[in-house]
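Protein chains in written order, with our numbering: chain A, 1 to 233; chain B, 1 to 227; chain C, 1 to 228. Cβ coordinates follow ideal geometry from the N, Cα and C atoms, glycine included. Read the structure below first, then the notes.
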Amino acid sequence: MSAVDVDGVWKFYGDYPALRDVKLQAEKGACLALIGRNGAGKTTLLRVVAGFSRAGRGQVRIFGKEPRETDTRRQMGFIGHGISVYDELSALENLMLYGRLYGLPDPKKAAMDWLERTGLAHVRNGLVREFSRGMRQRLAVARAFLHEPSVLLLDEPFTALDDKAIAVLQRLLREALVAGKTIVMSTHQLREALELATHVALLNRGQVAFHGQRTPEMVSDPGYIYARYGEAN
Amino acid sequence: MTAFFRQALVITFKDLRAEIRTKEAVNASFAFALVILVIFSFAFDPSEDTTRDMSGGLLWIVFAFAGTLLLNRSFARELPNDTLDALIAAPISGAALFFGKAVANYFLLLAVELVSLPVFGIFYNVHWTSQFWELMLVLALGTWGLTLIGTFCSALTVNIRLREVMLPMLTYPALVPVLMASMVLTMSLVAGKPIGEETIPWLKILVGFDIVFTAASLTLVEIVLVG
Amino acid sequence: MRNTILYCLGAAVILLLVRDINLIAGFPEEKSQGAIFKIIFFHVPLAITAMLCSMVSLVASVMFLKTKNFRYDALAVAITEVGLAFLLGNLVTGSIWARVIWGVWWVWDVRLTSALVCWLLYAGYLMLRRAIEEPTQRATFAAAFSIFAFIDWPIVYLSIRLFRTQHPGPVFLSSQGSFPHDWTMAIFGPFGVLMAMMMLATVMTFVRLGQEDSKRELDSLRRMAHAM
């Protein structure tokens, strides 16, 4: 059973298909990089996989179960465009909140642990609204990893990160892959993503134009995939 | 079952903590209530007996307007950093999320109302303490009805254009039964009459409304949160 | 084929209304209120038709939420608009009635007040739709609100009626005095005004449904064009 299985998914906005018959799998322990132009449907696809919106046709399975099932939600971590933490709460309060929502046995310990791992332990009682941009992003990463999800869905996670945050995220993602977690990541930053990726999928106007293993050519020349498979007018 | 209440409480405390720290919504709400009370005094002379008679009704107009300000923020506060996404992704049911927020709103709105009451008593020369506990009962029931509809419509309108305009448009017509019942009961209680034969039906309407719409909102809210 | 049926229905509506208006004009005038009392022949069926529309809207909304089929959403919006139009007719006839009898353009009669609140409620439904661009979200939220509105309006009516029993005000219809049989038939009978209005509502709904279909097609074509 694949970790993430997208089977014949169509997503309609009214009568317009934003995703057309998308078939993709990500096996356990794989890191799938979703690439494509703006408007290709990467964010839409990720949000359908994460369960934020329902597919019009077809189905998504995460370890064989529906995305909206409670068990699945417990195993899934999502980073979207926003940081998803509260400005008026402290870093520790934010993580403890999510710890409780995810039913962790010791929310405080888990929160402290992840604050350490993202280099935020020294500001744990500071309010998020006073954080610098890089700190906010690292907290967002801590929030997503807090409950030790086995599937990570990341929507352009490297966009607008500062160097320190990029380093933290890459380290955490590598550790996650070593630990057998599955990652599906949409990205514009081809270089950072392709270094980590084991598989690549190219989306073009809602359809999968290419889906396969990452090859050395892709890493050395990220434009290669677009040139070879993309943009058939 | 307990998981539902436990998670709802996590949300309640989160909302309350955030609000107590910033006090943005309650301050704005209370200030608005004050302003309306003052403006009403121009339209309805507080020294007249007729005004005193209908002041109970005026009070609920104040609560409804000030309340909408507060309730609008309920789901809107989840927008700035996309926290709504994280809440929907978390293993918490839409109903628990809604209920947690409704309870938080309830206490915040009650706080604004309880602070407004003495001011109202002073401005309009009304002895609202004569049937104190019965008045508190009406406040409790009426505010829950207000909170339910307001929080539900806040969830409904969170992601749409013209949210601040849409929320009152949708909420007020739906609130007519609650407002009517609360107004009639309050006017009667403030005039010194305990709840009796004439006013019991209104109490029943309040309770009925609260029950029916608690059930309806909890059922429908999941649909509204996950597209 | 469908257009033919609609034309036939429309013709039937006109025939029925002509027949009924002639019939009604022939009835004797009511004792206390005079000729204006005959407005009841339209005032009441307008309200009943509007109520039926709201029931259909409820069913359509529930069906949409279950099946996600946009035809149900189209039906919901069409029937709600038609219902609002009929309810407006009820409000206007009520207003005219009040003007003739009491000299004022509005009275806070139980039914009129309830009709007004319900009108506002369902107008909110239409405003909500207008505020949401994305079709699936629009249909889903509108359906949820339609269900909410339907649960609410009986409670609204009960509340206002309770208020009016305690604070009596002007009433259009006194409950005493029986309604002559042929008058009842003129409204509720198989050729009566209610039947004519229900058919009219059906015609209007189908016309509106046709509009919704075209609009959806245009919308999706427009989105495809933008995507290219």
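Closest in alpha carbon position to B:LEU220, among C:GLU81, C:GLU134, C:VAL62, is C:VAL62.
Distances from the alpha-carbon of B:MET169 to those of B:LEU97, B:GLU113, B:THR22, B:ILE149 put B:ILE149 closest. For A:ALA3 against A:ILE79, the beta-carbon gap comes to about 17 Å, at or over 8 Å, which does not count as contact. Taken in chain order, the complete alpha helix (DSSP H) segments of 4 residues or longer contained in the region 44-108 of chain B are 49-76, 83-89. Between B:ALA89 and the set A:ASP7, A:GLY51, A:TYR16, A:VAL208, the nearest pair of CA atoms involves A:GLY51. Within the DSSP bridge table, the entry for A:PHE12 names A:PRO17 as partners. For a Cβ distance threshold of 8 Å, residue set GLY80, HIS81, GLY82, ILE83, SER84 of chain A lies close to B:ASP82, ordered along the chain.
Closer than 7 Å to the CB of B:LEU170 there is at least one CB belonging to chain C. Distance between C:ALA98 and C:ASN90, taken at the CA atoms: about 12 Å.
Taking 7 Å as the cut-off between beta carbons, the residues of the region 132-145 of chain C near chain B are ILE132, THR136, GLN137, THR140, PHE141, ALA144, PHE145, in sequence order. For C:THR113, there is no enclosing beta strand (DSSP E); the enclosing alpha helix (DSSP H) covers residues 110-131.
By the criterion of at least three beta-carbon pairs nearer than 8 Å, the region 14-24 of chain C is not in contact with the region 108-128 of chain C. Residues of the same chain with a CB within less than 7 Å of the CB of C:VAL156, apart from the 5 flanking positions on each side, are SER114, VAL117, CYS118 in chain order. When rounded, the separation of the alpha-carbon atoms in A:LEU19 and A:GLY206 is 4 Å. Residues of chain A with a Cβ closer than 7 Å to the Cβ of C:MET224 are, in chain order, TYR16.
DSSP places A:ASP71 within a helical segment (H, G or I) once states are collapsed to three. Taking a cut-off of 8 Å on C-beta distances, the region 116-133 of chain B touches the region 53-63 of chain B, as three or more cross pairs fall below it. A buried status is given to A:LEU104, since no fewer than 16 other beta-carbon atoms sit within 10 Å of its beta-carbon. The region 141-160 of chain C makes no contact with the region 5-12 of chain C; the number of CB pairs closer than 8 Å stays below 3.
For the region 156-168 of chain B, the beta-carbon criterion of a distance under 9 Å to any beta-carbon of chain C is satisfied by LEU156, THR157, ASN159, ILE160, ARG161, LEU162, ARG163, VAL165, MET166.
C:THR93 carries a helical assignment under DSSP once its states are collapsed to helix, strand and coil. Under the three-state reduction of DSSP output, B:THR199 falls in the coil class, being neither helix nor strand.
Going by C-alpha positions, A:ALA165 is about 21 Å away from A:VAL151.
Using a C-beta cut-off of 8 Å, the region 59-75 of chain B makes contact with the region 105-118 of chain B, since at least three inter-stretch Cβ pairs fall below that distance. Residues of chain B with a Cβ closer than 7 Å to the Cβ of C:LEU87 do not exist; the shortest Cβ-Cβ separation is about 13 Å.
Boundaries of the alpha helix (DSSP H) around C:PHE163: 135-166. Minimum Cα-Cα distance from B:PHE99 among the listed residues B:GLU113, B:THR214, B:VAL224 corresponds to B:THR214.
Assignment of A:LEU203 by DSSP, reduced to helix, strand and coil, places it in the strand class. Distance between B:PHE75 and B:GLU19, taken at the CA atoms: about 13 Å.
Counting only residues of its own chain and dropping the five nearest sequence neighbours on each side, A:SER53 has a CB closer than 8 Å to the CB of LYS11, THR44, ARG47.
At least 7 Å separates the CB of B:VAL103 from every CB of chain C. When the Cα atoms are used, C:ALA144 and C:LEU16 turn out to be separated by approximately 37 Å. At a cut-off of 7 Å between beta carbons, A:GLU88 contacts chain B. When DSSP reads this structure, A:LYS65 sits in a beta bridge with A:ILE62.
Within the same chain, Cβ atoms closer than 6 Å to the Cβ of A:ALA197 are found at CYS31, ALA33, ARG214, the five residues on either side in sequence being excluded. For A:ASP106, there is no enclosing alpha helix (DSSP H), since its DSSP letter is neither H nor E.
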